[in-house]
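Please read the structure below before turning to the comments.
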Amino acid sequence: MDDDFAIYTYRAHFANRGFLWKDDLQVIGVPMWKMMLFDKVFASSKKGHLRIRHLQTLFHVAACLSIYWVVLVVTQNQWAAFTGGLLYSFYGTSPDLTAGSFNFEQFYIPFIFAGLAFLLNGAVFYAGLCFGFAVICKCTMVIYAGILAPAVWISYGGTSAVIFAITVSSITILSNSIEWALGFWDAQSIKQMKTRMATTMRITKTKSLHFSICYEIYLLMKQALPIWIAGIAALAFYLSKSENLWLATFTLITLSNIVFQRAFSRYHYLPWFALLSLGCGLGMHWVMQQEPGLAIVVATVFFAILVWNIKSLFLYYSKPTQPETLVQYEKYDQYLYIPRLGKSLKRLMRMRGESGERIFVWGTFSQLYHLTDCPAADNFLHYTIGPWDTQDLEGFYDSMIGGVIKHKPKYIIKTFPDLDIQQLEDITGLKYTLLKVVLARFPVYRLESSESLTTDPLSFPWQKKMEQMEELTQGEWHAPALNRADLERGKLTTAFKECRNLLRLNPEDREGNVYLGEIYLALDLPHQAETAFEKAVELSPEWQHLRIHLANIKIQFKKFDEAIPLIQEEIKRFDFHVEDDFLNGLLFKYNGKYKEAWGEFDHIRRQFPDRHDCWKFSIECLVKLKNQDELKNLFEEARDIHPKKDQEWLHTKIVQALAELDSQTRPEHETLNLYLKNNPENGILRYATASALENIGDLFAASSQFAEIVDSSEHYPHIQANACFRIARSAPLKKRQELLKKCIKLNPSHQGAQAMLGETASNSTKNIAETSKQPQSENPLVSVIVPNWNGMRFVGMCLDSLAQLHFENFEVIVVDNGSMDGSREMIEEKYPWVQLLKLPHNMGFAIACNEGIKASNAEYVVLLNNDIEVVPDWLSELYEGMERHPECGMGTTKMMFLDNREVFYNTGDLFHSWSAGGGRGQGDKDNGQYDQEDYVFGACAGAGIYRKELFKQIGLFDEDFFIFAEDVDLNMRSQLHGFQAVYLPKSKVYHIGTATVGLYSDRYVYLCKRNDIWVFIKNYSLKMYFKYLYSIWKHQFNDIKYFTYRGQGQVLLKSKWDALKLLPKMLFRRFQIQRTRIRTDTEIEKHIITD
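Right, here's the structure in full:
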């Protein structure tokens, strides 16, 4: 779904909320009665998109037939006509021309070509009907009737011209009469139409502002090369040899129409593609009239080009929804990135209990309203740019600003960078805080507070409104772009994570690779930065400055033989004399000629103040020259540097240089402290001062300075994390743990803090290790089994939380599934009190659990995912709960989301009639509704407790399941054998969820959908199977539609096929289960949730 499809179907999608045209969506696509018909076709959001697609297909078929008809009328050659129609049937749906779009070109093309066919036959009345209907499809198509009317007069006489004009006019008048009767010619509608026209005229400029129309045409030619070559040649030949007035006039009008529309979207070329296909039909007619030898040569050449072209397009049809295909589209960001953004946003709102609330999207990506099922705050729904110089744009201001003030949207998503959020706050009184930049491209802001306005902005004169819009949209880039806000505000971990997510979706994202290099530099990881910039240069050799960034990194590693050619290439490509100076500066610096080097760097720095590399090299040269005066001058000049963090960094580097030069007369920390007194808000300088104090052994003064940084209201997450770590190194054990956890919270990638916390946890849990050596621990009360596979990112968090448990007599068994990320070695080194079972390779969650259960010597077994953090009394509550409920074979915990601790992940497993598990309460906010003990269907194996006796009676986990639904199968077997399951709300854990296997990855889909089949094969009686047959098949077909649409149809098919391949084995297990069951279907059905 692209933005056009989304906006045209928006009203229909939200019709169930009572949304109306004009009030909830401004008029678009006049005449509006036509849009209301589309609403009827859409009908509901459940299958509405599919119905619109079917309608588009019908009109495309009609367009192919109309082209067939025109060629047949002109040539009387059915094969030629068939060629023209067939080629348009293929190239008229050329992937990057119409994919996912909703455009009126698809609707008017059948009418204009049918009208041409009627004119060629002399049927002017029917031609008038066709061109009249074309005007209804798109009002600008009146150009055809206007220009063709004189041609009708010339060819068929005045009477025919009058009939033609009256017919077209009658349809247009009738259409406008219907429009008037429906209330779409009132003042409000007219104002909205003027606004829509004004914004459309401006948005067309973005293509020429940031992109090349000539390049767009080149791409379209490349994608449909055969019809461009043959079609243009045939049309030119036919028009030069023939005196056919109609085809010549029609061609001229079609080309003029594309030019007048400024061709700002590729689908505007659809009529031209239709005309080229028609030309190919005429070319086929010419070929069939030639000598056989010439005809064979021409046909062979055309066929060879056609085969080559189809082969180049094969990826679009064989893997239509794969990322490597989607990145080829013009609107790749809408097809690849926006669905991910919509999914993340929808999940966030569901977790916060905000589903369905209003949001506001700045930019053209109106499909976010569909993807999140959240309506817009405004009723314009689209985007435009300046100049803001006409009253017609007042409607845009009233819609946007008025809608934001009225609805106070919970979230603003800035998909285009040219919106000033601070200015929006000043206008509306609504304060929005940046949560994060999703995929490093889309900043998501959340409403924090609102202030009442003294004056309603909607009451301002239109000139004032336009001034505010000018201030609000001062950005120079009016298209989607990468956003560095997380990096600039010090959220390095978030920036890194989202950039990696972006590059996982699209490894060839050019801006993303550059940004990754910048993040690595900020994280002080130059080797990784070097690799990232090398990839960036490879992808974008035409971008300036990339080689300079890469050269700077290579110079750090003394790779001069690699750095100098990069700078020379930059000079050669861009004739950049400044880079010539930079290269000379580097050569001077590394030859010890510091004065000459400083001269070169200083010259560049003055020209380009944002060249921090030149500032850094200038400081280094001045230190070598012992030139304090120039360093002090640099300090003053740096006051003009923005943003503030860059200024503070430069000031700190300069002051450190001055302190080094003064170190013979006074200690470095005194010089640093002297400047700090005049710049107390500079957190980076304070950190440098604290480090200097620590170096001379004044730990008390250093800790005081570090503590000020930690407690600072200024946002320095990276510096504050380092300060926490430095204090922790000399802090008492308990305080050290608190500081290290705070450090990791500020900077989760801080390896020093992670290592120290692991050592601290080991020391603090010596009592567990010692207890395990005593005789009674050979038979502990509880065994906590943690399956692990490549869990380096989170298994430490899990084990650290287990080390803090109040329960004493337990053992921890980690079953490692052949991890290759170092987590196995890390567990051996940092958690010696853990019993580590090593499997040779990844044998699956089920086998890992079974191996752990077999190794357990306890009465109770607890299974715990490696991405879970437990609270200290978690195990005590589980154990005591099971002791209170001897009738239960298993118990389950109150599981919350780790990143949103007030939202439930699972409070006991559910079971659906179509053989699928589920988490009770998942996504709900904790309002006390699950605070009571209760019987449930089963326990989630992510944090469930089981009696050892249960496994003796019903068996272990089914190892064929590998991972997913193995606990659903165990729960069902447990119920069939008469065991209850209890929910114990006082035992609480925090879970990431699908951390090892990504949600809806191919592997996730395959395993889940395969294992669901096995669950009902093994555990359903024949009576239950027939009772729930409709539900099972209904959801199977829904899965086919959904996952085929996602491009995972083959994955789903393989899952079902592989499930059936083990049917004999599953039937044998079914026989054993059903033979020994003690509960009736009626008792089991109490737990089953039906449709």
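1 is the number of the first residue of the sequence shown in this note's numbering; add one for each residue after it. In this text, a Cβ means the ideal position worked out from N, Cα and C, and glycines have one as well.
(1) With DSSP collapsed to three states, give me the class of A916.
(2) For N857, report the span of its beta strand (DSSP E) as first-last.
(3) For T9, count the other beta carbons within 10 Å of its own beta carbon; 16 or more makes it buried, fewer makes it exposed. Which is it?
(4) Return yes when the Cβ of M895 is within less than 9 Å of the Cβ of G919, no when it is not.
(5) Give me whichever residues DSSP pairs with L434 in a beta bridge.
(6) Exposed or buried, which one is D958 when buried takes at least 16 other CB atoms within 10 Å?
(7) How would you write the range of the beta strand (DSSP E) that G1092 sits in, first residue to last?
(8) Which term fits I154, buried or exposed, when burial requires 16 or more other beta carbons within 10 angstroms of its beta carbon?
(9) Could you work out which residue in A62, P457 and Q289 is closest to T428 when comparing CA atoms only?
(10) Would you list the residues sitting across from D816 in a DSSP beta bridge?
(11) Quick check on the DSSP output: the alpha helix (DSSP H) that includes D1058 runs from which residue to which?
(12) For Y91, which residues in the same chain have their Cβ closer than 7 Å to its Cβ, ignoring the five residues on either side in sequence?
(13) Between the beta-carbon of Y126 and the beta-carbon of A134, is there less than 9 Å?
(14) Based on Cα-Cα distance, which residue from H527, L1029, I571 and A1059 lies nearest to F557?
(15) Taking all protein chains shown into account, decide if E511 is buried (16 or more other Cβ within 10 angstroms of its Cβ) or exposed.
(16) So, helix, strand or coil for W21, using DSSP?
(17) For G944, report the span of its beta strand (DSSP E) as first-last.
(18) Taking buried to mean at least 16 other C-beta atoms within 10 Å of its own C-beta, is E648 buried or exposed?
(19) With a threshold of 8 Å, are at least 3 pairs of Cβ atoms found where one atom belongs to the region 862–869 and the other to the region 793–813?
(20) According to the Cβ coordinates, are L1022 and F962 closer than 9 Å?
(21) Per DSSP, which residues does N678 bridge with? Please list them.
(22) Here's the rule I'm using: 16 or more other beta-carbon atoms within 10 Å means buried, otherwise exposed. How should F1026 be labelled?
(23) Look up D867 in the DSSP assignment and say whether it is helix, strand or coil.
(24) With a floor of 3 residues, list each beta strand (DSSP E) that falls wholly inside the region 875–922, ordered by position along the chain.
(25) Can you tell me which of the three DSSP states S1021 falls into?
(26) Counting only the same chain and skipping the five closest in sequence on each side, list residues whose C-beta sits under 6 Å from that of M141.
(27) Going by beta-carbon coordinates alone, are I571 and A551 separated by less than 9 Å?
(28) Which whole-angstrom value describes the C-beta separation of D924 and F904, a residue pair presumed to lie in contact below a C-beta threshold of 8 Å?
(29) Is the region 396–410 in contact with the region 379–388, if contact means three or more CB pairs nearer than 8 Å?
(30) Given L453, which residues of its chain have a CB within under 7 Å of its CB, disregarding the five upstream and five downstream residues?
(31) Buried or exposed for N767, please, with buried defined as at least 16 other CB atoms from any protein chain shown within 10 angstroms of its CB.
(32) Give the secondary structure of G115 by DSSP, where H, G and I count as helix, E and B as strand, and everything else as coil.
(33) Rounded to a whole number of angstroms, what is the C-alpha to C-alpha distance between G998 and F964?
(34) Run through DSSP, which three-state label would F962 get?
(35) Should K1086 go down as buried or exposed, given a rule of 16 or more other Cβ atoms within 10 Å for buried?
(36) Who are the near neighbours of F1016 in its chain, counting only those whose CB is closer than 6 Å to its CB and skipping five residues on each side?
Looking at the atomic coordinates:
(1) strand
(2) Unbroken run through N857: none, as it is neither H nor E.
(3) buried
(4) yes
(5) Y445
(6) Here D958 is buried: its Cβ has 16 or more other Cβ atoms, across all protein chains shown, within 10 Å.
(7) There is no way to answer for residue 1092, as the model of the chain reaches only from 1 to 1091.
(8) Exposed, because fewer than 16 other Cβ atoms sit within 10 Å of the Cβ of I154.
(9) P457
(10) Paired residues: N788 and K838.
(11) G1049 to K1061
(12) A224, I227, F273 and S277, listed in sequence order.
(13) No. Outside cutoff.
(14) H527
(15) buried
(16) strand
(17) According to the DSSP assignment, G944 belongs to the beta strand (DSSP E) that extends over A943 to R947.
(18) buried
(19) Because the criterion of three Cβ pairs below 8 Å is met, the region 862–869 and the region 793–813 touch.
(20) no
(21) None, per the DSSP bridge assignment.
(22) exposed
(23) coil
(24) 888–897, 904–906, 909–912 and 916–919
(25) coil
(26) Y108, A134 and V135
(27) no
(28) 5 Å
(29) yes
(30) G429
(31) At N767, the pLDDT of 43 sits below 50, so the modelled position is not reliable and the matter cannot be decided from this model.
(32) helix
(33) Caution is warranted here: a pLDDT of 46 is assigned to G998, below 50, making its placement in the model unreliable, and the coordinate value is therefore given only provisionally. C-alpha separation (whole angstroms): 12 Å.
(34) coil
(35) K1086 should be labelled exposed.
(36) Residues of the same chain with a CB within less than 6 Å of the CB of F1016, apart from the 5 flanking positions on each side, are S915 in chain order.
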